[in-house]
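**Q**
There are 2 protein chains.
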Amino acid sequence: MHSSLFAYIAQYTQTTLTEEEQELIQRAFHPKKLRKKQYLLQEGDICRHMGFIVRGAMRQYSVDDKGAEHIVQLAIENWWVGDRESYLMLTPSLYNIDAWEDTEVLLIEKADLLNLYQQVPAMMQMARQMDDRHSMASQRRINAAISFSAEKRYAEFVDCYPEFLQRFPQHLIASYLGITKETLSRIRKQQAM
Amino acid sequence: MHSSLFAYIAQYTQTTLTEEEQELIQRAFHPKKLRKKQYLLQEGDICRHMGFIVRGAMRQYSVDDKGAEHIVQLAIENWWVGDRESYLMLTPSLYNIDAWEDTEVLLIEKADLLNLYQQVPAMMQMARQMDDRHSMASQRRINAAISFSAEKRYAEFVDCYPEFLQRFPQHLIASYLGITKETLSRIRKQQAM
DNA sequence: ATAAACCGTTGACAAATGTCAACAACCTTA
DNA sequence: TAAGGTTGTTGACATTTGTCAACGGTTTAT
Numbered sequence: 079m080h081s082s083l084f085a086y087i088a089q090y091t092q093t094t095l096t097e098e099e100q101e102l103i104q105r106a107f108h109p110k111k112l113r114k115k116q117y118l119l120q121e122g123d124i125c126r127h128m129g130f131i132v133r134g135a136m137r138q139y140s141v142d143d144k145g146a147e148h149i150v151q152l153a154i155e156n157w158w159v160g161d162r163e164s165y166l167m168l169t170p171s172l173y174n175i176d177a178w179e180d181t182e183v184l185l186i187e188k189a190d191l192l193n194l195y196q197q198v199p200a201m202m203q204m205a206r207q208m209d210d211r212h213s214m215a216s217q218r219r220i221n222a223a224i225s226f227s228a229e230k231r232y233a234e235f236v237d238c239y240p241e242f243l244q245r246f247p248q249h250l251i252a253s254y255l256g257i258t259k260e261t262l263s264r265i266r267k268q269q270a271m
Numbered sequence: 079m080h081s082s083l084f085a086y087i088a089q090y091t092q093t094t095l096t097e098e099e100q101e102l103i104q105r106a107f108h109p110k111k112l113r114k115k116q117y118l119l120q121e122g123d124i125c126r127h128m129g130f131i132v133r134g135a136m137r138q139y140s141v142d143d144k145g146a147e148h149i150v151q152l153a154i155e156n157w158w159v160g161d162r163e164s165y166l167m168l169t170p171s172l173y174n175i176d177a178w179e180d181t182e183v184l185l186i187e188k189a190d191l192l193n194l195y196q197q198v199p200a201m202m203q204m205a206r207q208m209d210d211r212h213s214m215a216s217q218r219r220i221n222a223a224i225s226f227s228a229e230k231r232y233a234e235f236v237d238c239y240p241e242f243l244q245r246f247p248q249h250l251i252a253s254y255l256g257i258t259k260e261t262l263s264r265i266r267k268q269q270a271m
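In the order they appear, the protein sequences are chains C and H. Note that the working numbering has the first sequence beginning at 79, numbered continuously upward. Note that the working numbering has the second sequence beginning at 79, numbered continuously upward.
In structure tokens:
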């Protein structure tokens, strides 16, 4: 079950892991199976693990005063999930994370991850690159949010995450883009014509 | 001129820098004075430095097809500026960065920064914490963009960055929030009544 | 097998926000 | 000092987007 994680690390560090390193990693991560709709994190909880998705699909979202959900992140195989702010500051999370499909994740606790960084240099490299990619993606999303029309935001989304179109229904994608499902439906209709 | 940077590093690492470390840092950073409106980075350039603001105020923004500017980041003393994506990937930047007031920055090149990380452990710690803070702030801004009304986004901004209200005019703050200056003016009017 | 939930679409309408033009007050700067 | 830019405000109007209700087609659960 850990092999996709090993492949992921190798891909981002251009190195191969030794047997021993693989052992250490396997001991640090705990596999967990989630049924569709099962929570990994609920608003108010402290996020004590980061999760690597081996199989399945998940979403991270906030819920507003009116009970409406707003998708902060969508994630499938080879994506990481978790609320960084809660994880780093040990504060109650503002978000929910749950499984959109039946999902297998590898969970790691903060202390174990910090240990791994010391024991497996490739792990540290990988984390660094993950952070870089995350910060670049965040910057682009912020720029899109303040300067693109809904139509352009959707076009960019289709371009960047074509797999997501197959895995998540339109109303989740609409929410991710900050618009309603009706508006997305109309944008798609216009573009088809 | 570097003393505010030393203080900044000390604050984030809870350590004091040795004389030798201060020397190394001083050699790695290059002070630069910018006049109001002077560019530090222009769209299409590759961002080869990160900058630490010692005195002054700057902004980072994109320009859309119609020539309108959209503020991606505002920054004052003790803030870092630079386009991470261009800096990390060596790709042409999508953004402009310029001085809003006469400004003094300390610039550091990528290679020098990587060296410093090796030579001054506190520097690495600081960078790590900077990245963490950046990623938490980005997450919050994304969540605000997709789930808050303009009014609530402004309220949050006032709460988080009260100094910015004194340093930047309303039309820049409006742009940062993803709305027009007219809309912000009306929001403020309503709140005052 | 049946009921219930989910998904996407559409129409009518409401609300939020943008656009454009004008204005006054204030700075800059030549 | 005069001219020109900047800043913030307001009004009238246009556009975008949201809200609500309804519908048919699917999938899911019992």
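Here a beta-carbon is modelled for each residue, glycine too, at the ideal position from N, C-alpha and C.
Apart from the five residues just before and just after isoleucine 149/H, which ones in its own chain have a Cβ nearer than 7 Å to its Cβ?
**A** Arg137, Tyr139, Leu250, Ser253, Tyr254, listed in sequence order.
**Q** From this set, Ala222/C, Met201/C, Phe242/C, which residue's C-alpha is nearest glutamate 147/H's C-alpha?
**A** It is Ala222/C.
**Q** In three-state terms, what does DSSP make of aspartate 282/C?
**A** Chain C is shown from 79 up to 271; residue 282/C falls before or after that span and cannot be answered.
**Q** In angstroms, rounded to a whole number, what distance separates the CA positions of glycine 122/H and tryptophan 158/C?
**A** Glycine 122/H and tryptophan 158/C: Cα-Cα distance of roughly 32 Å.
**Q** Verify whether the separation of the beta carbon atoms of leucine 194/C and leucine 102/C is less than 8 Å.
**A** Cβ distance < 8 Å, so leucine 194/C and leucine 102/C count as in contact.
**Q** For aspartate 161/H and methionine 214/H, what's the separation of their Cα atoms in angstroms?
**A** If I take the Cα positions, the gap works out to 17 Å.
**Q** Thinking just about the alpha-carbon of each residue, which of Arg126/C, Ser227/C, Asp210/C, Thr93/C is nearest to the one in serine 164/C?
**A** Here the closest residue by C-alpha is Arg126/C.
**Q** By a C-beta neighbour count over all protein chains shown, 10 Å radius and 16 as the cutoff for buried, is aspartate 204/C buried or exposed?
**A** For the sequence presented, residue 204/C should be read as methionine rather than aspartate. Buried, by the Cβ-count rule.
**Q** Of all Cβ atoms in chain H, is any one closer than 8 Å to the Cβ of glutamate 163/C?
**A** Taking Cβ atoms only, chain H reaches closer than 8 Å to glutamate 163/C, which makes this a yes.
**Q** Going along chain H, which residues have a C-beta under 8 Å from isoleucine 224/C?
**A** Simply His148, Ile149, Val150, Ala223, Ser253, Tyr254, Leu255, Gly256.
**Q** Measure the C-alpha to C-alpha separation of glutamine 186/C and leucine 112/C and round it to an integer number of angstroms.
**A** It should be noted that the sequence gives isoleucine, not glutamine, for residue 186/C. Each residue's Cα considered, the two are about 15 Å apart.
**Q** Does histidine 80/H come within less than 8 Å of chain C when only Cβ atoms are used?
**A** So no, histidine 80/H is outside the interface.
**Q** Less than 8 Å between the CB atoms is what I'm expecting for phenylalanine 48/H and alanine 135/H, so what's the real figure, rounded?
**A** Residue 48/H is absent from the model: chain H starts at 79 and stops at 271.
**Q** Against chain C, does histidine 127/H count as a neighbour if the rule is that its beta carbon must be under 8 Å from one of theirs?
**A** Answer no: the Cβ-Cβ gap between histidine 127/H and chain C never drops below 8 Å.
**Q** What residue does the beta strand (DSSP E) around histidine 80/C start on, and which one ends it?
**A** From DSSP, histidine 80/C is part of no beta strand (DSSP E); its letter is neither H nor E.
**Q** On the premise that tryptophan 178/H lies in contact with lysine 259/H, defined as a C-beta separation below 8 Å, what is that separation, rounded to the nearest angstrom?
**A** Not really, about 16 Å apart at Cβ, beyond 8 Å.
**Q** Identify, in the order they occur along the chain, each residue of the same chain with its Cβ nearer than 8 Å to the Cβ of aspartate 142/C, setting aside the five sequence neighbours on each side.
**A** If we look at aspartate 142/C and ignore the five residues flanking it on each side, its Cβ neighbours are His148.
**Q** Figure out for me which residue from Asp176/C, Lys267/C, Ile87/C, Val183/C has the closest Cα to the Cα of phenylalanine 107/C.
**A** With distances taken between Cα atoms, phenylalanine 107/C lies closest to Val183/C.
**Q** Can you name, in chain order, every residue of its own chain whose Cβ lies under 8 Å from the Cβ of glutamine 104/C, other than the five neighbours on each side?
**A** Contacts found: His80.
**Q** Please list, in chain order, the chain C residues whose beta carbon lies closer than 9 Å to that of serine 213/H.
**A** Here the neighbours are Arg162, Glu163, Leu166, Asp209, His212, Ser213, Ser216.
**Q** Excluding the five sequence neighbours on either side, which residues of its own chain have a C-beta within less than 8 Å of the C-beta of phenylalanine 242/C, listed in chain order?
**A** The residues are Leu152, Ile154, Phe235, Ile251.
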